[in-house]
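K.L.:
Heads up, the sequence shown is in this note's numbering, so the first residue is 49 and it goes up one at a time.
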Amino acid sequence: MSDYYNAFEMSPVPAPGPDAVAPEPFRGIYGMPAFATIPTSDLAASVDFWTRGLGFFELFSIPGRLVHLRRWAFQDVLLVSAASAPAQTPAVSFNFACVLSQVDALVEACRALRPDSVDGPRDTPWNTRDVEVITPENARIVFTAAKPFDPASQEARNLAAVGITPPAAGRGDNEERA
Numbered sequence: 049m050s051d052y053y054n055a056f057e058m059s060p061v062p063a064p065g066p067d068a069v070a071p072e073p074f075r076g077i078y079g080m081p082a083f084a085t086i087p088t089s090d091l092a093a094s095v096d097f098w099t100r101g102l103g104f105f106e107l108f109s110i111p112g113r114l115v116h117l118r119r120w121a122f123q124d125v126l127l128v129s130a131a132s133a134p135a136q137t138p139a140v141s142f143n144f145a146c147v148l149s150q151v152d153a154l155v156e157a158c159r160a161l162r163p164d165s166v167d168g169p170r171d172t173p174w175n176t177r178d179v180e181v182i183t184p185e186n187a188r189i190v191f192t193a194a195k196p197f198d199p200a201s202q203e204a205r206n207l208a209a210v211g212i213t214p215p216a217a218g219r220g221d222n223e224e225r226a
């Protein structure tokens with residue numbers, strides 16, 4: 049018996065598909081279960097890249113010190129003023145979900161602002177399309193869009209080999225487990 053169960057109703061990420069629609073930017077205030085804090089030596093330039101290139105919006109700011117950015121619910125980033133940003137891009141990345149229809153526009157917007165900032169898009173063995181972006185602060189940000197699930201695909205076989213099978217159609221069973 050598997051300890052995993054369908055709990056997709058908890059997520060703002062839509063079901064994968066060629067016509068999946070991204071949720072609206074989420075402007076509510078909540079206790080953040082996770083967030084990234086990114087130091088920047090140029091807060092204005094960082095906010096510009098994150099908003100125009102990556103599609104975030106400014107939720108609030110403390111002038112000269114901090115800007116809280118968000119896209120969807122639970123996609124929060126705090127840009128904090130610092131004397132300097134890391135000189136090298138770390139191996140570690142921070143990933144955000146997106147939908148397939150956002151990938152090309154994200155790539156174009158980031159390349160228009162910083163031509164060498166984007167790697168990809170590339171398809172993964174686990175059925176996603178990923179775009180890696182290096183931000184002005186040298187943060188490694190990856191946008192991941194789930195591709196439509198094809199049960200006959202190599203990606204489906206890759207996932208099944210590690211015990212991940214597609215969820216049953218319909219509502220999740222998180223309520224009975226909560």
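Ideal Cβ positions, reconstructed from N, Cα and C, are used throughout, including at glycine.
Is leucine 126 helix, strand or coil when you go by DSSP?
P.N.:
Strand.
K.L.:
To the nearest angstrom, how far is the alpha carbon of alanine 193 from that of leucine 91?
P.N.:
Between alanine 193 and leucine 91, the C-alpha separation is close to 28 angstroms.
K.L.:
DSSP state of serine 94, grouped into three classes?
P.N.:
Three-state DSSP puts serine 94 in a helix.
K.L.:
Give me whichever residues DSSP pairs with threonine 88 in a beta bridge.
P.N.:
Paired residues: Ser129.
K.L.:
Quick one: what does DSSP say serine 59 is sitting in, helix, strand or coil?
P.N.:
DSSP places serine 59 in coil when its eight states are reduced to three.
K.L.:
Hey, out of Gly79, Tyr78, Gly76, Pro64, whose CA is closest to cysteine 146's CA?
P.N.:
Answer by Cα proximity: Pro64.
K.L.:
Could you work out which residue in Ser132, Ala208, Gly76, Ala131 is closest to leucine 107 when comparing CA atoms only?
P.N.:
Taking only the C-alpha atoms, the option nearest leucine 107 is Gly76.
K.L.:
Could you check how far apart the C-beta atoms of valine 179 and valine 140 are, in whole angstroms? I think they sit under 8 angstroms.
P.N.:
Contact doesn't hold; Cβ gap of about 17 angstroms is too wide.
K.L.:
Leaving aside the five residues before and after proline 60 along the sequence, list all residues of the same chain whose C-beta is less than 6 angstroms from its C-beta, in chain order.
P.N.:
Once the five neighbours on either side are set aside, the close Cβ partners of proline 60 are Pro71, Trp120, Ala121.
K.L.:
Mapping DSSP to helix, strand and coil, what is threonine 213?
P.N.:
Three-state result, threonine 213: coil.
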